[in-house]
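Residue numbers (the working numbering): 152 to 572. Don't be surprised by glycine CBs; every beta carbon is placed ideally from N, CA and C. A quick write-up on the structure given underneath.
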Ligand SMILES: C[S@@+](CC[C@H](N)C(=O)[O-])C[C@H]1O[C@@H](n2cnc3c(N)ncnc32)[C@H](O)[C@@H]1O
């Protein structure tokens with residue numbers, strides 16, 4: 152049987168419906184998904200399955216669910232939530248409820264993390280509303296059910312689980328106060344219908360979606376996000392996506408590892424400044440009552456919401472050089488990263504962090520082989536380099552290397568357990 156023609160039809164269908172780029176994710180991802188769905192439908196012929204899919208919206212949705220990567224966890228890239236809190240504190244000028252967007256929200260960990268970070272920071276229940284949108288019905292069912300196992304709680308700091316979750320059969324469930332601020336909805340990042348009414352968002356999280364798109368679709372998705380954001384709105388993207396918003400006129404907020412961008416041009420709205428350099432600014436008189444004093448530790452976004460945007464000055468030249476590379480990556484100036492990382496390695500010798508940043512820059516530029524090689528070098532030098540493990544795992548999954556991705560997931564899992572979580 153000649154499979155090439157129908158597979159190209161499936162690729163086209165998936166590109167048109169969810170923006171999936173075959174060049175980015177690799178054809179094996181689609182083949183694997185097709186195999187799963189054909190087995191589930193007891194159809195052995197690709198042409199027959201094509202006829203079935205094109206006649207059945209329900210099966211099209213099943214195929215989408217089989218092909219997407221739902222990978223997510225609570226407080227993923229934690230610094231993004233600190234940047235969000237700080238942005239809202241500094242820019243909130245009215246009493247109206249804040250509007251936030253999590254697109255894609257996958258199984259709900261991201262929007263619930265947004266709610267927890269805002270509650271921790273003293274934003275009262277009812278003062279914000281989070282729209283959480285995803286294209287996968289299966290993920291949304293999971294999100295509404297809101298029962299989470301250990302894979303959703305990663306990293307050393309999961310104290311938030313004691314504050315905001317109750318143990319239940321099958322895992323942990325967020326309290327009502329967290330769940331009621333999140334509104335889940337089926338939607339497509341590429342569709343005009345995704346924008347509910349005329350409302351605009353103060354903050355939009357669009358993380359770990361654009362990496363699956365080709366350049367044209369990335370541009371279309373970012374243009375849509377621009378339309379959905381308020382003029383002084385903040386956009387958060389994933390680490391491998393930070394080179395994209397500047398291409399659409401977004402301005403980097405220099406906030407380490409937050410991958411945060413303002414819609415407004417730098418001239419109209421200044422990026423966040425280091426706390427030391429900023430004059431104390433009285434809270435807007437009207438906003439103050441709705442933002443009560445921060446509660447004491449251990450609420451991370453109450454206490455540590457605003458790490459200094461520039462790393463503290465260090466006498467250590469090696470650390471300063473790495474920090475400069477990281478700042479360039481955070482600001483979306485990924486084109487500068489390879490040369491800076493190579494200079495760093497030439498001067499200070501092989502460094503896992505330098506290889507990690509090199510991997511990330513190549514990843515963002517779709518230089519997959521180079522990205523993999525550099526992530527591997529980072530892991531050779533530092534087998535517990537969690538960010539390199541996480542990025543390599545995502546990349547392998549996108550490439551259809553599921554057994555490689557699974558092995559990395561197990562490594563990450565073991566690390567998480569060992570660090571006491
Ligand atoms: C890797 S998860 C990212 C979740 C979360 N933002 C994070 O960073 O942890 C990717 C999600 O994108 C969703 N997705 C893929 N294409 C989409 C599209 N065109 N519109 C909306 N969601 C999409 C998938 O269903 C999946 O849940």
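Euclidean distance between Cα positions of residue i and residue j
i, j, result
"residue 240", "residue 281", "17 Å"
"residue 562", "residue 244", "45 Å"
"residue 522", "residue 266", "34 Å"
"residue 342", "residue 534", "41 Å"
"residue 377", "residue 177", "29 Å"
"residue 529", "residue 514", "14 Å"
"residue 232", "residue 359", "15 Å"
"residue 192", "residue 182", "15 Å"
"residue 260", "residue 335", "12 Å"
"residue 308", "residue 537", "14 Å"
"residue 413", "residue 186", "42 Å"
"residue 234", "residue 411", "7 Å"
"residue 566", "residue 558", "12 Å"
"residue 661", "residue 356", "Outside the shown range of the chain, which is 152 to 572, sits residue 661, and nothing can be said about it."
"residue 496", "residue 504", "10 Å"
"residue 255", "residue 471", "35 Å"
"residue 171", "residue 467", "44 Å"
"residue 221", "residue 157", "26 Å"
"residue 474", "residue 508", "11 Å"
"residue 519", "residue 550", "9 Å"
"residue 242", "residue 164", "42 Å"
"residue 544", "residue 294", "23 Å"
"residue 207", "residue 506", "46 Å"
"residue 483", "residue 211", "35 Å"
"residue 238", "residue 339", "27 Å"
"residue 369", "residue 362", "8 Å"
"residue 199", "residue 189", "10 Å"
"residue 564", "residue 218", "23 Å"
"residue 494", "residue 525", "15 Å"
"residue 253", "residue 246", "22 Å"
"residue 659", "residue 276", "Outside the displayed span of the chain (152 to 572) sits residue 659, for which this structure offers no information."
"residue 175", "residue 274", "39 Å"
"residue 166", "residue 173", "8 Å"
"residue 202", "residue 365", "27 Å"
"residue 553", "residue 287", "20 Å"
The alpha helix (DSSP H) enclosing residue i, as first and last residue numbers
i, result
"residue 479", "468 to 481"
"residue 186", "178 to 191"
"residue 264", "260 to 271"
"residue 288", "288 to 296"
"residue 514", "503 to 515"
"residue 283", "No alpha helix (DSSP H) contains residue 283, which is instead part of the beta strand (DSSP E) from 279 to 285."
"residue 486", "Careful: residue 486 lies outside any alpha helix (DSSP H) and carries neither H nor E."
CB-CB length for residue i against residue j, believed under 8 Å
i, j, result
"residue 297", "residue 324", "5 Å"
"residue 399", "residue 380", "That belief does not hold up - the Cβ atoms of residue 399 and residue 380 are roughly 11 Å apart, past 8 Å."
"residue 542", "residue 500", "About 22 Å; that fails the 8 Å criterion."
"residue 573", "residue 214", "Nothing in the structure corresponds to residue 573, since the chain is present only between 152 and 572."
"residue 224", "residue 302", "7 Å"
"residue 477", "residue 407", "6 Å"
"residue 285", "residue 257", "6 Å"
"residue 480", "residue 403", "Not quite, the Cβ-Cβ distance comes to about 10 Å (not below 8 Å), so this is no contact."
"residue 268", "residue 236", "6 Å"
"residue 333", "residue 262", "5 Å"
"residue 548", "residue 539", "Not quite, the Cβ-Cβ distance comes to about 15 Å (not below 8 Å), so this is no contact."
"residue 409", "residue 387", "7 Å"
N- and C-terminal bounds of the beta strand (DSSP E) containing residue i
i, result
"residue 411", "411 to 413"
"residue 250", "249 to 253"
"residue 402", "402 to 404"
Please list the segments of the beta strand (DSSP E) lying wholly inside the region 197 to 230, counting only runs of 3 or more residues, in order along the chain.
Fully enclosed beta strand (DSSP E) runs of 3 or longer: not present.
Neighbourhood of ligand 1 [Cβ distance below 6 Å to any heavy atom], ordered by chain position:
Checking every Cβ against the heavy atoms of ligand 1 under 6 Å gives 169, 170, 219, 220, 221, 222, 223, 227, 255, 257, 261, 285, 286, 287, 290, 339, 340, 341, 358, 359, 360, 389.
Mind listing, in chain order, the continuous alpha helix (DSSP H) runs of no fewer than 4 residues lying wholly within the region 313 to 390?
Every unbroken stretch of the alpha helix (DSSP H) spanning 4 or more residues and falling wholly within the region 313 to 390 is given here in chain order: 327 to 330, 366 to 379.
What alpha helix (DSSP H) runs, 4 residues minimum, are completely inside the region 525 to 569?
Taking 4 residues as the minimum length, the alpha helix (DSSP H) runs contained wholly in the region 525 to 569 are 537 to 549, 553 to 569, in order along the chain.
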